[in-house]
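First comes the structure, then the notes that go with it.
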Amino acid sequence: MLTLGFESSCDDTSVALVADGTRVVANLISSQIEIHRRFGGVVPEVASRKHLEAVTPMLGEVLAIARDAGDPIGRVAATTGPGLLGALLVGMSAAKAAALALRIPFVPVNHLEAHLSAAFLGAGRAPTFPFVGLVVSGGHALLTLSHSHRQIEIISQTHDDAPGELFDKIARVLELGYPGGPVIQKTATAGNPKRYALPRPMADRPEAMSFSGLKTAVLNLMRTEGDRLVVADLCASLQEAVCDTLAQKVTAALGRHRPPLLVLAGGVAANQPLRERLAQVAAAHGCEFLVPPLVLCTDNAAMIAANGHWVADSHRDLDGLTVNASANWAIGAPIPT
Ligand code: KG4
Ligand code: ZN
Numbered sequence: 123m124l125t126l127g128f129e130s131s132c133d134d135t136s137v138a139l140v141a142d143g144t145r146v147v148a149n150l151i152s153s154q155i156e157i158h159r160r161f162g163g164v165v166p167e168v169a170s171r172k173h174l175e176a177v178t179p180m181l182g183e184v185l186a187i188a189r190d191a192g193d194p195i196g197r198v199a200a201t202t203g204p205g206l207l208g209a210l211l212v213g214m215s216a217a218k219a220a221a222l223a224l225r226i227p228f229v230p231v232n233h234l235e236a237h238l239s240a241a242f243l244g245a246g247r248a249p250t251f252p253f254v255g256l257v258v259s260g261g262h263a264l265l266t267l268s269h270s271h272r273q274i275e276i277i278s279q280t281h282d283d284a285p286g287e288l289f290d291k292i293a294r295v296l297e298l299g300y301p302g303g304p305v306i307q308k309t310a311t312a313g314n315p316k317r318y319a320l321p322r323p324m325a326d327r328p329e330a331m332s333f334s335g336l337k338t339a340v341l342n343l344m345r346t347e348g349d350r351l352v353v354a355d356l357c358a359s360l361q362e363a364v365c366d367t368l369a370q371k372v373t374a375a376l377g378r379h380r381p382p383l384l385v386l387a388g389g390v391a392a393n394q395p396l397r398e399r400l401a402q403v404a405a406a407h408g409c410e411f412l413v414p415p416l417v418l419c420t421d422n423a424a425m426i427a428a429n430g431h432w433v434a435d436s437h438r439d440l441d442g443l444t445v446n447a448s449a450n451w452a453i454g455a456p457i458p459t
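According to my numbering, the sequence shown holds residues 123 to 459 in order.
What follows is the structure, encoded as structure tokens:
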């Protein structure tokens, strides 16, 4: 059975089809990066308008793919939160309209839970539990322990900035462009990660995460170094500080919870050195490691459709059409009404 998915929580409009929760049939993504690039970040009102322009033609295209595939669409899933409220409403309204027209259920999906589902979708298999998850993106840094699809304990989360936000801010100050993560990774390949000594925030507190101190340290370093600053070395040093910090937190969580599986997900999971580092951490704990392929790390509707497939059963008594969008829907929290 096919699940139709919609994602519009930030600056990517995406409509997708996933078969049986494990196979991507279509995953159309329309990025607004070029539009927001000139502002150095996402402008919420602009994002909503661009979602509105993109979503209907994309739905038409995906419905044509579904017709060719010959399988019936059994349900529609959309990101209901967290995210930018106006942006969420666009994808959700399109999804509800499609559910009504096709006379099939609408399933609300939590964006962060869907990021974790992307790792299983990438591997073409159904989720297994328990697992420790690290979701790192432009808005979030969350370390979780998943007991089932919706029973998710938060082990720790950032008190302030998210790692993606940190990369985006530093790249903007260095005038490297937007989004910052990919360009910092690229610039870092030519840099010396030992050149600048940057802090590993909250190193003595395994359950706490914070990235704003690292941001301040980088900004101070830029001021004191002035023209002497070697940008590639700074990018490499920053990337290593983020990888070290996240590896410390994951090491503590694996030691404490001893899960059979570690999942890395979210936009920052596209970072190659981070993928390699956490693969090593997992191996050292005799733990399996799953991370989505790059296209399923950043925002996409395939992960929404996959998660919708798996959570649908727990929502059997729910009339999805009554669910509202929620900018702050926490991972594992009850569905917003
Ligand atoms: O998950 P995502 O697409 O959107 C949110 O839900 O936030 O994540 C976007 C974030 C951006 O901050 C971007 O700079 C970061 O993911 N990112 C990366 C890489 N690719 C994207 N960060 C580090 N290395 C990358 N290769
Ligand atoms: Zn995301």
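Idealized CB from N, CA, C, for every residue including glycine.
In this structure, V403 sits near V372, with a CB-CB distance shorter than 8 angstroms.
In the DSSP assignment, F228 falls within the beta strand (DSSP E) that extends over F228 to N232. A405 sits away from V257, with the two beta carbons spaced by 8 angstroms or more. The nearest non-hydrogen atom of the ligand KG4 is 7 angstroms or more from the C-beta of N342. Proximity of the beta carbon of H237 to the ligand ZN is indicated: a heavy atom of the ligand is located closer than 7 angstroms.
Annotated three-state conformation of R171 is helix, per DSSP. Here the C-alpha atom of S131 lies approximately 35 angstroms from the C-alpha atom of R345. In the three-state reduction of the DSSP assignment, A405 falls in the helix class, which pools H, G and I.
In the DSSP annotation of this structure, R225 is not part of any alpha helix (DSSP H), being labelled neither H nor E. Look at the beta carbons and you see the region 299 to 317 touching the region 353 to 364: at least three pairs across the two are nearer than 8 angstroms.
Not one heavy atom of the ligand KG4 is found less than 7 angstroms from the C-beta of P414.
Judged by the Cβ position, S448 fails to qualify as a neighbour of the ligand ZN at the 7 angstroms threshold, every heavy atom of the ligand being at least this far. Using a cutoff of 7 angstroms, the CB of G388 counts as near the ligand ZN, since one of the ligand's heavy atoms is closer than that.
DSSP places I157 in the helix class (H, G or I) of the three-state scheme. Within the same chain, Cβ atoms closer than 6 angstroms to the Cβ of L298 are found at V305, the five residues on either side in sequence being excluded. For D421, the Cβ falls inside the 7 angstroms cut-off from some heavy atom of the ligand ZN. Note on geometry: alpha-carbon atoms of A310 and V295 lie some 16 angstroms from one another. Per the coordinates, the alpha-carbon of R399 lies some 15 angstroms from the alpha-carbon of G255. Taking one beta carbon from each stretch, the region 170 to 179 and the region 422 to 430 have fewer than 3 pairs nearer than 8 angstroms; the two do not touch.
Setting aside the 5 residues that flank it on each side, H407 is surrounded in the same chain by L376, each with a C-beta closer than 6 angstroms to its C-beta; the list follows chain order. The C-beta of K291 has 16 or more other C-beta atoms within 10 Å across all chains shown, which makes the residue buried. With a threshold of 16 other beta carbon atoms within 10 Å, I276 falls short and is exposed. For A387, the secondary structure class from DSSP, reduced to helix, strand or coil, is strand. The residues M123, L124, T125 and I226, in chain order, have a CB closer than 7 angstroms to that of G196 in the same chain once the five nearest residues on each side in sequence are set aside. Counting the other CB atoms within 10 Å of its CB gives Q394 a total below 16, which places it among the exposed residues.
If you compare the alpha carbons of F228, V140 and R160 with that of G246, the shortest gap goes to V140. Taking 8 angstroms as the cut-off, the Cβ atoms of L440 and I457 count as close. Across the set Q370, L418, F161 and F289, the C-alpha of F289 shows the shortest separation from the C-alpha of A358.
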